[in-house]
Amino acid sequence: MARMKFLCDADRCIECNACVTACKNEHDIPWGINRRRVVTINDGKPGERSVSMACMHCTDAPCAAVCPVNCFYTTADGVVLHSKDLCIGCGYCFYACPFGAPQYPKVGNFGSRGKMDKCTYCAGGPETDLSAAEYGSRENGQFTGYGSNRLAEGKLPLCAEMCSTKSLLAGDGEIIAQIYKERVVRRGYTSGAWGWQTAYRETIAS
Amino acid sequence: MARMGFVLRSLIAALCLWLAAAATPPAAAQQPSSVNPTAQSVKEQELLKELQRIQGRSSLPDARTRVLEQPAGREWRQFHQVTLRWIGAIVILGMLAVLLLFYLIRGMVRIEAGRSGRTVVRFNAFERFVHWMTATCFIVLALSGLNVTFGKELLTPLIGPEAFAGWAQWAKYAHNYLSFPFTLGVVLMFLLWIAWNFPSGTDVRWIREGGGIVGNGHPPARRFNAGQKMIYWVVVLGGGAAAVTGYLLMFPFYATDVTGMQTAQMVHGIVGMLFIAIMLAHIYIGTIGMQGAFEAMGKGEVDVNWARQHHSLWLDNEIRKGRVGGGSVAPAE
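Which chain is which? The protein sequence lines are U and R, in order.
With the first letter of the first sequence counted as 1, position 71 gets the number 71 in the numbering used here; the numbers rise by one all the way through.
With the first letter of the second sequence counted as 1, position 255 gets the number 255 in the numbering used here; the numbers rise by one all the way through.
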C-alpha cells in the first residue's frame, strides 16, 4: 500500500504560489483560510529559500494525539483526515502542529474559532467519497465539508500537479523520495527534504 | 640584413605569442568553480537547532503563515497528553484520598457545647449570592475543563464518539460562557472580603495550634481564620490566573502568538487542576467536615456556640455591636 507524502524541494521553489492558488480554487476555500502557503526564508539575502507548506500528514500526528474529541483518523494511505462533525473548535491541534496546518474560520462565538479545516491531501473527509456532502457548501457564510476528493478518482493532489517547477512533489513516499535523490545527485547539493524529519522521522540524502 | 633579422625575429615572436595565447584554454571560465555558492544550503535540522522555530515571509496577510515550523508544538503535546494528566490525576485523586482518610480518622468536628439555638448573622444575602454564583459556575467549569483533558479516554468507551463529541461541544460552550459570571464572582468576592483577609498574628497562632482541626486546640480567630484566608487568596489569585489565561485562549491570537497560546494553555491547565483539588478540601470542610459550617453560607446564620468555638474574636465583636439575637447574652462591658 502506498504511503502518501509531500516533499517540497526548497532548491527549486520559485515562490510562484501556483500551489496556493490551485488549492484555494479547487476546494473553494473561503477568505481567511489558507490550507497551503509558501514561506520564504532569508528573503532577499543570499541563501534565500522558499518552501510550500500545508499539512504534512505526519506518521505520529500530534494533532490527532491532542484532540479532545478524537476527530482525526489516518487512512490506509497514511493521509491524516478529520471529521468536522466531531470537531469542537478548541484549537489544540494548531498548538500541537509543528507546521501550523490547522486553520479555523472566525465564525464562532466572540469571533473565535469555527470548525477546523486543513489540507486533506485532496482526499476529502469521512463522508461518502465524491458526494456533495463531502465537498460541502459555501453558501450563507458557511464552510462545511472538505473540498474535492481527487484521491478517490485516482489523481494526486492538485497543488503538486500545478507546481510550475515540480518542486512540490506528492505521491507515494518511496517514489518521490527516489525522484528527490536523483535530483540531489545531479545537483551535487541539497537543502534536505524539508519537514521530513519532523513529520515522518526520515531523512533523504542528507 | 640585421634589420631584416630583427623584423623576422619579432614576427616569429609575435606568432609564437599568438599561438600560445590561442592554444591555452581559458582557465577559470570553463572548469567548475571549487566554491559552489548554493552548497551552503542550510538543512532543516541545522536551522531547527539554531532557532526556536523557523519563520520567514509569506505573501498571505495572516501573520501566522510566516511560521514554517514550530517544534515546540511537540513539547506542548507531551505536556498536555502526559504531564498535565499526571498532575491532575495525582493532585485530585490524592486530595480525595487525603480527605477520605482525614474523615475516617478525625471525623466531623462537632460543636462541643452543643447547639445553643441562638444564632448570629455570618454572611448577608449579597455575599451568599456571590458565593453560590461563583461556586456553581466553578463546578461546571471544573467538570467541562476536566473533560478536555480526561474526557475522551474516560467517556468515549461509555457513550461512543458521536455522543461524546456532542457533549464536549456543549461543555465547551458552557465553559466559555460561564467564565464571565465566574470572573465577576471572583472580582466581587475579592472586593467584598478583602478587609478581613490580611494575614495577622492571630493567624500564626491559629496555624501553630493546628487550627482546631488537627489536634484539639481552640485557637481564637476573627471573622476568617488562617485556613479561610488561604482559600480566599487561592480563589482570588488562582481564579484571576485562570481567568486571564482563559480569556487569552478564548480570544485566540488577539494578544499573543502560538508560543504564548501554548504557555497560556499550560498555565490554565495547571492552575485548574490545583484549584479543583483545593476546592475539594474547601467543600469538604464546609459540608461534612464540620458541624454547623454549611449554614453559614446556606442560611447566612450560624449557631452562637459554633461561633464561640471557631471564631471567638469575631463573635465577641458581633456581641459588642449588639448583633447577636435572642436569649440572655452577657455583653462585654
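Ideal Cβ placement from N, Cα and C applies to all residues, glycine included.
Problem set entry | Partners in chain R for residue 42/U, counting only beta-carbon separations shorter than 8 Å | Identification of chain R residues near residue 42/U by a Cβ-Cβ cut-off of 8 Å yields 56, ordered along the chain.
Problem set entry | Proximity to residue 274/R [Cα-Cα], best of 6/R, 82/R and 146/R | Here the closest residue by C-alpha is 146/R.
Exercise. Name the chain R residues whose beta carbon is nearer than 7 Å to that of residue 95/U?
Worked result: Going along chain R in sequence order, the residues near residue 95/U (Cβ under 7 Å) are 73, 76, 258, 261, 262 and 265.
For this session: List the residues that DSSP assigns as beta-bridge partners of residue 172/U.
Result: In the DSSP secondary-structure assignment, residue 172/U is bridged to 4/U.
Exercise. Nearest to residue 348/R by alpha carbon, out of 314/R, 255/R, 82/R and 134/R?
Worked result: Residue 348/R is absent from the model: chain R starts at 1 and stops at 333.
For this session: From the DSSP output, in three-state form, read off residue 35/R for me.
Result: At residue 35/R the pLDDT is 47, less than 50, meaning the model places this residue with poor confidence; the figure from the coordinates comes in the next sentence. Judged by DSSP in its simplified three-state form, residue 35/R adopts coil rather than helix or strand.
For this session: Give the single residue among 131/U, 102/U, 34/U and 29/U whose Cα lies nearest to the Cα of residue 152/U.
Result: Of the listed residues, the one whose Cα sits closest to residue 152/U is 131/U.
Problem set entry | Between the CA atoms of residue 10/R and residue 17/R - distance to the nearest angstrom | Going from the Cα of residue 17/R to the Cα of residue 10/R covers about 10 Å.
Exercise. Going by the beta-carbon positions, is the gap between residue 172/U and residue 37/U smaller than 8 Å?
Worked result: Contact flag unset, no.
Exercise. Since residue 167/U meets chain R, which of its residues come closer than 8 Å, beta carbon to beta carbon?
Worked result: What residue 167/U touches in chain R: nothing, since even the nearest Cβ is about 14 Å away.
Problem set entry | Straight-line Cα distance separating residue 172/R from residue 157/U | Counting only the Cα atoms, residue 172/R lies some 34 Å from residue 157/U.
Exercise. What is the DSSP secondary structure of residue 190/U, counted as helix, strand or coil?
Worked result: Note: residue 190/U maps to coil in three-state DSSP.
Problem set entry | Beta-carbon spacing of residue 159/U, residue 23/U below 8 Å | For the 8 Å CB-CB criterion, residue 159/U and residue 23/U form a contact.
Exercise. If you draw a straight line from the alpha carbon of residue 282/R to that of residue 48/R, how long is it in whole angstroms?
Worked result: Approximately 47 Å, taken between the alpha carbons.
Exercise. What residues in its chain sit with their C-beta under 7 Å from that of residue 176/R, if we drop five residues either side in the sequence?
Worked result: Close CB contacts of residue 176/R within its chain, under the 7 Å cut and outside five residues either way in sequence, are with 250 (chain order).
For this session: Give a yes or no on whether 8 Å exceeds the smallest Cβ distance from residue 120/U to chain R.
Result: No, residue 120/U does not count as interfacial toward chain R.
For this session: Starting from residue 164/R, find everything on chain U with Cβ-Cβ shorter than 9 Å and list it in chain order.
Result: Simply 69, 70 and 86.
Exercise. Of all Cβ atoms in chain U, is any one closer than 8 Å to the Cβ of residue 245/R?
Worked result: Under the Cβ criterion of 8 Å, residue 245/R is not counted among the residues facing chain U.
Exercise. For the alpha helix (DSSP H) that residue 149/R lies in, which residues bound it at each end?
Worked result: Element bounds for residue 149/R: n/a, residue is neither H nor E.
Exercise. How would you call residue 39/U, buried or exposed, if buried means at least 16 neighbouring beta carbons within 10 angstroms?
Worked result: Result: buried.
Exercise. Under a CB-based cut-off of 8 Å, is residue 55/U close to chain R?
Worked result: Answer no: the Cβ-Cβ gap between residue 55/U and chain R never drops below 8 Å.
Problem set entry | Inter-residue Cα distance where the pair is residue 66/R and residue 106/U | In a straight line, the C-alpha of residue 66/R is about 19 Å away from that of residue 106/U.
For this session: Below 7 Å CB to CB, which residues in the same chain sit around residue 121/U once its five sequence neighbours on both sides are set aside?
Result: Within the same chain, Cβ atoms closer than 7 Å to the Cβ of residue 121/U are found at 4, 57, 79, 151 and 157, the five residues on either side in sequence being excluded.
For this session: Would you tell me roughly how many angstroms separate the C-alpha atoms of residue 7/R and residue 11/U, rounded to the nearest one?
Result: Straight-line spacing of the CA atoms in residue 7/R and residue 11/U works out to 60 Å.
Problem set entry | Three CB pairs or more closer than 8 Å across the region 43 to 54 of chain U and the region 79 to 90 of chain U | By the criterion of at least three beta-carbon pairs nearer than 8 Å, the region 43 to 54 of chain U is not in contact with the region 79 to 90 of chain U.
Exercise. What runs of the beta strand (DSSP E), each 3 residues or longer, lie entirely inside the region 75 to 156 of chain U?
Worked result: Runs of the beta strand (DSSP E) inside the region 75 to 156 of chain U: 80 to 82.
Exercise. Hey, residue 6/U and residue 170/U: beta-carbon distance below 8 Å or not?
Worked result: The beta carbons of residue 6/U and residue 170/U sit closer together than 8 Å.
Exercise. Hey, quick one: how far does the beta strand (DSSP E) through residue 56/U stretch, first residue to last?
Worked result: First-last for residue 56/U: undefined, no H or E at that position.
For this session: Look at residue 71/R and residue 62/U and say whether their C-beta atoms are less than 8 Å apart.
Result: It is not a contact, given that the beta carbons lie outside the stated cut-off.
Exercise. With 8 Å set as the bound, which would you pick, yes or no: does the beta-carbon of residue 329/R sit closer than that to a beta-carbon of chain U?
Worked result: In this prediction, residue 329/R scores a pLDDT of 49, lower than 50, which makes its location untrustworthy; no coordinate-derived value is stated.
Problem set entry | Contiguous alpha helix (DSSP H) assignments of at least 4 residues, all confined to the region 222 to 301 of chain R | Taken in chain order, the unbroken stretches of alpha helix (DSSP H) that lie wholly in the region 222 to 301 of chain R and span 4 residues or more are 226 to 233, 239 to 250, 258 to 286 and 294 to 298.
Problem set entry | Ranges of the alpha helix (DSSP H) found wholly within the region 60 to 145 of chain R, counting only runs of at least 4 | Those alpha helix (DSSP H) runs which fall completely within the region 60 to 145 of chain R and span 4+ residues are 72 to 78 and 84 to 106.
Exercise. What is the rounded straight-line gap between the Cα of residue 55/R and the Cα of residue 102/U?
Worked result: Distance between the alpha carbons of residue 55/R and residue 102/U is about 17 Å.
Exercise. Since residue 204/U sits in a beta bridge, which residues does DSSP pair it with?
Worked result: Answer is none; residue 204/U lacks a bridge partner.
Exercise. What are the residues of the region 161 to 187 of chain U that lie near chain R, defined by any Cβ-Cβ distance shorter than 9 Å?
Worked result: Against chain R - using a Cβ distance shorter than 9 Å - the residues of the region 161 to 187 of chain U are 187.
Exercise. Hey, would you say residue 286/R sits closer than 8 Å to residue 277/R, going by beta carbons?
Worked result: No, the pair does not count as a contact, with Cβ atoms beyond the cut-off.
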